[in-house]
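Enquirer: One structure coming up, written as C-alpha cells, with questions to follow.
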Amino acid sequence: LMLLLSQSVAFAQNYDESKVPRYVLPDVLKTAGGKVIRNEDKWEKLRRPEVLKLFENNIYGRMPTDYDSIRYSLTQDDVPEMNGKATLKQVAVTVFRNRQSVQINVVLFVPTQARKPVPVFLLINNRGKENTDPTRVKKSEFWPAEMVIDSGFAIAAFQVSDLAPDNKDTYASGVLQKLYPEQLKMDNGMKAIGAWAWGASRVMDYFETDRDIDSKKVIVVGHSRGGKTSLWAAAEDQRFAACITNCSGNTGAALSRRQFGERISRINATFPHWFNNTYKKYNDKENALPVDQHMLIALIAPRPVYATNASKDLWADPKGTFLAMKAAEPVYALYGVRPELPSAQPGINMPSIGAHFGYHNREGEHNMTVYDWGNFVRFAKKFTSDK
Ligand code: GTR
C-alpha cells in the first residue's frame, strides 16, 4: 500500500504542457503598497529589499550575517598540480560565534599562467567529495577542474555537508545548532539551503583575502539543490559577480505557478529540512505566494545569471526555467540591459549566451557535465575579460 501511495503521488506530477494552469505572476516592479518602480534607484531602495524579505520570510529563511570571528588556515598552499598548469590551495575556513565554531574546507586550483588576480568559479558541492578530489586521482565532469584551468579561470569548491547535513533528521547539527540555534526556533529561520548559501558567503570572505583571486569576479555555481542554493547565495550576497544555476528546478530557477514537474508540496514533503517552516503553508497553494522564482533571479540584477536544464529532466521544468529568466528581464532593463535571450525557449543543445543572461537545455539527464561547464566558461569570458 505504501508503495502504491508513493507511486500515485509521483504520478500526480504534471508533465503535460496543456495541463499547465493559467497563472499570473506577481509583478516584480510593483511594491506591496502599489508603487510602480521605474528606475534602478527606486528598485534598490524600495522594491529590492521588499522582495528579498519576502523570500527570506516565506521560503529560504533569514540569513544571519553576524559572527564573532573568522580564521583562514591554509593546510596546503601553492602546491604545483596538473603538470604545473595549476597550483592547489586547501583552506580551512573556521567561523566562530558564542565560543562555538564551524569549519568549511575549501579546495582551490589557481591557473599558473593567468594574470593575477583571476576570476574563480565556486561550486557549492552537494554531490560528495569524490567530485572535487584535490589529488586529481579521481576526475569528474561535475567539476572539470582541468578544463576550467586550461580556460584561464580558477576553480574552487566546498561541501554542503560542512555546513548542514543534507538529511531531515540531522540537518541542524552544523551551522544551525552550533552558531545560530535561535534560527531553529523561528518560522522564518534558515534551514539547510540557507546554511549552504551562508557557507558560500564565508568562502567569499576568504576570497577577499586571497591575492590570487579577483574577489569582484567570483561566479557561484550549483547543481540542482546546489543550484537553488547558488541563486539564493547570489541574491543575498551582492559580492558574488555572477550566478550559475544548473538544473535547479522547483524553488530554484523554475516558476512555481506552472505546477509542472516537481511542486512545492512535493519538495516540502521530501525535503522538509531545505526551506523555512512558513514555506509549508504554500503546499498546493502556489498562487498564494507573494513571489515566484523570476523574482529571485531579478534580485541578482544586473549581475549575470546562467540557467540550464536537461531535456530528459522534466521534473525541473525546462520551459518554466526559461520563462522565469524572461520574466526577470524588466528588472535588468532598469539598468539598461536589453533582452538577450530569444523570445521562445531555445532548442536542445542550442545555448543562448549573452553578457547578462545565459540559458541552455542540454540533451540528456539531470546532471552537470563538461558540456554545461564549457558554456559557463564561454559565458564568464563575456563579463570577466577586460575590454
Ligand atoms: C530531487 C529534488 C530536486 C533536486 C534534485 C537534486 O530529488 O526533487 O528538487 O534538488 O533532487 O538535488 O539532484
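Numbering-wise, the sequence shown is residues -12 to -1, 1 to 375 according to mature numbering (1 follows the signal peptide of the UniProt record, and there is no 0). Think of the CB as a built atom: it goes at the ideal place given N, C-alpha and C, for glycine as much as any other residue.
(1) Tell me, please, which residues DSSP counts as bridged to A125.
(2) Between N238 and the ligand GTR, is there a pair consisting of the residue's CB and a ligand heavy atom that are separated by less than 7 Å?
(3) According to the Cβ coordinates, are P153 and S161 closer than 8 Å?
(4) I need the DSSP call for V279, collapsed to helix, strand or coil.
(5) Shorter than 7 Å, the distance from the beta carbon of R213 to the closest heavy atom of the ligand GTR, or not?
(6) Can you grab the Cα-Cα spacing for the pair D198 / T63, in whole Å?
(7) Apply the 10 Å Cβ neighbour rule to V191 and answer buried if 16 or more other Cβ atoms are within range, or exposed otherwise.
(8) Following a CB-centred definition, is E250 positioned closer than 7 Å to any heavy atom of the ligand GTR?
(9) Rounded to whole angstroms, what is the Cα-Cα separation between D305 and G237?
(10) Would the beta-carbon of H354 be found less than 7 Å away from any heavy atom of the ligand GTR?
(11) If we count the other Cβ atoms within 10 Å of its Cβ and call it buried at 16 or more, is L172 buried or exposed?
(12) Is DSSP giving K77 helix, strand or coil here?
(13) Ignore the nearest five residues each way along the sequence and tell me which others in A298's own chain have a CB closer than 8 Å to its CB.
(14) Assuming contact is defined by CB atoms lying nearer than 8 Å, are D360 and T296 in contact in what I supplied?
(15) Our contact map puts V163 next to V90 with C-beta atoms below 8 Å; I'd like the distance itself, whole angstroms only.
(16) Going by the C-beta, is residue 379 closer than 7 Å to any heavy atom of the ligand GTR?
(17) Any heavy atom of the ligand GTR closer than 7 Å to the Cβ of I341?
(18) Please state the DSSP three-state secondary structure of D272.
(19) Measure the CB-CB distance between K77 and V106 and report whether it falls below 8 Å.
(20) Report whether the distance from the Cβ of T357 to the nearest heavy atom of the ligand GTR is below 7 Å.
(21) Excluding the 5 residues flanking F43 on each side, which residues of the same chain have their C-beta closer than 8 Å to its C-beta?
(22) Tell me whether the beta-carbon of P334 lies closer than 8 Å to the beta-carbon of Y347.
(23) Use the C-beta contact count for A332: other C-beta atoms within 10 angstroms, 16 or more gives buried, fewer gives exposed.
(24) Give the DSSP-derived three-state secondary structure of P37 in the structure shown.
(25) Could you check what DSSP says for L287 in three-state terms: helix, strand or coil?
(26) Distance check for T75 and E69, CA to CA, integer angstroms please.
(27) Taking Cβ to Cβ, would you say A321 is nearer than 8 Å to Q281?
(28) Does the Cβ-Cβ distance between A229 and V293 come in under 8 Å?
(29) For the putative contact between Y55 and R85, defined by C-beta atoms under 8 Å, what is the C-beta separation to the nearest angstrom?
(30) Restricting to runs no shorter than 4 residues, where is the alpha helix (DSSP H) found entirely within the region 148 to 190?
(31) Going by other Cβ atoms of all chains shown within 10 Å of its Cβ, with 16 needed for buried, is V94 buried or exposed?
(32) On a CA-only basis, which of I336, P318 and G140 is nearest E328? Give me that one, please.
(33) Which residues bound the alpha helix (DSSP H) around D138?
(34) Use the C-beta contact count for Y3: other C-beta atoms within 10 angstroms, 16 or more gives buried, fewer gives exposed.
(35) Can you check whether the CB of F263 is closer than 8 Å to the CB of Y48?
Expert: For this structure:
(1) Note on residue identity: the sequence assigns Val, not Ala, to residue 125. DSSP output for V125 lists no bridge partner at all.
(2) yes
(3) yes
(4) coil
(5) yes
(6) 14 Å
(7) buried
(8) yes
(9) 6 Å
(10) yes
(11) exposed
(12) strand
(13) C235, A304, P306, N349, R350, E351, G352, E353, H354 and N355
(14) yes
(15) 5 Å
(16) Any question about residue 379 goes unanswered here, given that the chain covers just -12 to 375.
(17) no
(18) coil
(19) no
(20) no
(21) W220, A223, V279, M283, L284 and L287
(22) yes
(23) exposed
(24) helix
(25) coil
(26) 5 Å
(27) no
(28) no
(29) 5 Å
(30) 163 to 166
(31) buried
(32) P318
(33) A133 to D138
(34) exposed
(35) yes
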